[in-house]
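Engineer: My questions all concern the structure below.
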Amino acid sequence: MGLLAANGRIGGSATFNGREILNLPERELNKLRAEQISMIFQDPMTSLNPYMRVGEQLMEVLMLHKGMGKAEAFEESVRMLDAVKMPEARKRMKMYPHEFSGGMRQRVMIAMALLCRPKLLIADEPTTALDVTVQAQIMTLLNELKSEFNTAIIMITHDLGVVAGICDKVLVMYAGRTMEYGSARDVFYKPVHPYSIGLLNAVPRLDAEGEEMLTIPGNPPNLLRLPKGCPFQPRCPHAMEICSSAPPLEEFSPGRLRACFKPVEELV
Numbered sequence: 001m002g003l004l005a006a007n008g009r010i011g012g013s014a015t016f017n018g019r020e021i022l023n024l025p026e027r028e029l030n031k032l033r034a035e036q037i038s039m040i041f042q043d044p045m046t047s048l049n050p051y052m053r054v055g056e057q058l059m060e061v062l063m064l065h066k067g068m069g070k071a072e073a074f075e076e077s078v079r080m081l082d083a084v085k086m087p088e089a090r091k092r093m094k095m096y097p098h099e100f101s102g103g104m105r106q107r108v109m110i111a112m113a114l115l116c117r118p119k120l121l122i123a124d125e126p127t128t129a130l131d132v133t134v135q136a137q138i139m140t141l142l143n144e145l146k147s148e149f150n151t152a153i154i155m156i157t158h159d160l161g162v163v164a165g166i167c168d169k170v171l172v173m174y175a176g177r178t179m180e181y182g183s184a185r186d187v188f189y190k191p192v193h194p195y196s197i198g199l200l201n202a203v204p205r206l207d208a209e210g211e212e213m214l215t216i217p218g219n220p221p222n223l224l225r226l227p228k229g230c231p232f233q234p235r236c237p238h239a240m241e242i243c244s245s246a247p248p249l250e251e252f253s254p255g256r257l258r259a260c261f262k263p264v265e266e267l268v
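Numbering-wise (the UniProt record's numbering), the sequence shown opens with residue 1 and increments by one.
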């Protein structure tokens, strides 16, 4: 999306609707952002401008990307705040971010991201800075808006509860590499990578009273000095000599991918 700092570097390929977007000129990227791809960031307090009223920030999106006048942009912004279940939406338009709670600020960010009816919404840890009750409200809201606006959502999160609650497909990553991919049901009930299995085993269970909590041994790797081969190898209970070579990401059944040398039948 062209949001990296000036010293940031990116490689590989990224396509949207069959179109390569990594090398798009700034003018075309500006058109792509918000109009087709939008993003909700992790901390709404640092994502909103503290010196501008919330209404001005919402209206700016519509005036810039949709060419609306102030009056039309104001009314559309109020409608979107209503859509994200913001109480007294019209009144909130004149307030500053510091006058909102964390959950309300995140609702503002969701409203802003959806103003242009994007085809894809990227949500980067959207519930991390919120308490548990508000997290549940935001997840319910995203589920409702996904259907209402016919928008695909990429949810970036470490919270397996969030994944289970909203995601249809799951891609498990470790040290920047894909370990496993499949439907949420398959990944949760039939994980086929040692890292996925370790993550799920480490989730506390209400019916495991008195049992020892399981953890993944070791520590995450230094991304500047990754181990050779599979990055999970130093922590993997199934590590073999061949794991010093990088396992390819392969489809082992329809719609399911994994990067591991250990035979599936020996893990399941």
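Where a beta carbon is used, it is the ideal one built from N, C-alpha and C, also for glycine.
By the DSSP assignment, the beta strand (DSSP E) with Y181 in it spans what residues?
Structural biologist: Unbroken beta strand (DSSP E) run through Y181: 177 to 183.
Engineer: Pull up the distance between the alpha-carbon of H65 and that of A123, whole angstroms please.
Structural biologist: Approximately 20 Å between the Cα atoms of the pair.
Engineer: Can you tell me where the alpha helix (DSSP H) with A111 in it begins and where it stops?
Structural biologist: Unbroken alpha helix (DSSP H) run through A111: 102 to 114.
Engineer: In whole angstroms, what separates the C-alpha of A239 from that of T15?
Structural biologist: Using only the alpha carbons, I get a separation of about 34 Å.
Engineer: Give me the Cα-Cα distance between M112 and P254, rounded to the nearest whole angstrom.
Structural biologist: Taking the straight line from one Cα to the other gives about 37 Å.
Engineer: Under a Cβ-count criterion, where at least 16 other Cβ atoms within 10 Å of its own Cβ denotes burial, should H158 be classed as buried or exposed?
Structural biologist: So H158 counts as exposed.
Engineer: With DSSP as the reference, label Q188 as helix, strand or coil.
Structural biologist: Sequence inspection shows Phe at residue 188; the Gln mentioned does not correspond to that position. Helix, per DSSP.
Engineer: Let me confirm a value: M213 is counted as buried when at least 16 other C-beta atoms fall within 10 Å, else exposed. Which label applies?
Structural biologist: Its Cβ having fewer than 16 others within 10 Å, M213 is exposed.
Engineer: Who are K146's beta bridge partners in DSSP?
Structural biologist: In the DSSP output, where bridge partners are listed per residue, K146 has none listed.
Engineer: L124 by DSSP, collapsed to three states: which one?
Structural biologist: With the sequence shown as reference, residue 124 is identified as Asp, and Leu is not the correct amino acid for it. DSSP places D124 in strand when its eight states are reduced to three.
Engineer: V268: buried (16+ other C-beta within 10 angstroms of its C-beta) or exposed?
Structural biologist: With fewer than 16 Cβ atoms within 10 Å of its Cβ, V268 is classed as exposed.
Engineer: Among the residues of its own chain, which have a CB less than 8 Å from the CB of F252, if the five just before and after it don't count?
Structural biologist: Cβ neighbours of F252 beyond the five flanking positions: V192, R258, V264.
Engineer: Within 10 angstroms of the Cβ of T127, are there 16 or more other Cβ atoms? Answer buried if so, exposed if not.
Structural biologist: Classification for T127: buried.
Engineer: Find the nearest neighbour of L120 within the set L130, L145, V134, judged by alpha-carbon distance.
Structural biologist: Of the listed residues, the one whose Cα sits closest to L120 is L145.
Engineer: Would you mind listing the beta strand (DSSP E) stretches within the region 25 to 62 that are 3+ residues and don't spill past its ends, in chain order?
Structural biologist: Counting whole runs of 3 or more residues, the region 25 to 62 contains the beta strand (DSSP E) stretches 37 to 40.
Engineer: Select from V108, K31, T46, E241 the residue whose C-alpha is nearest the C-alpha of residue 333.
Structural biologist: As displayed, the chain neither begins before 1 nor continues past 268, which places residue 333 out of reach and without an answer.
Engineer: Going by the beta-carbon positions, is the gap between Q106 and P44 smaller than 8 Å?
Structural biologist: Closer than 8 Å, so yes.
Engineer: So what's Y96 in DSSP terms, helix, strand or just coil?
Structural biologist: Coil at Y96, not helix or strand.
Engineer: When you compare only the Cα positions, how much space is there between G12 and A246?
Structural biologist: Looking at the two C-alpha atoms, the distance is approximately 17 Å.
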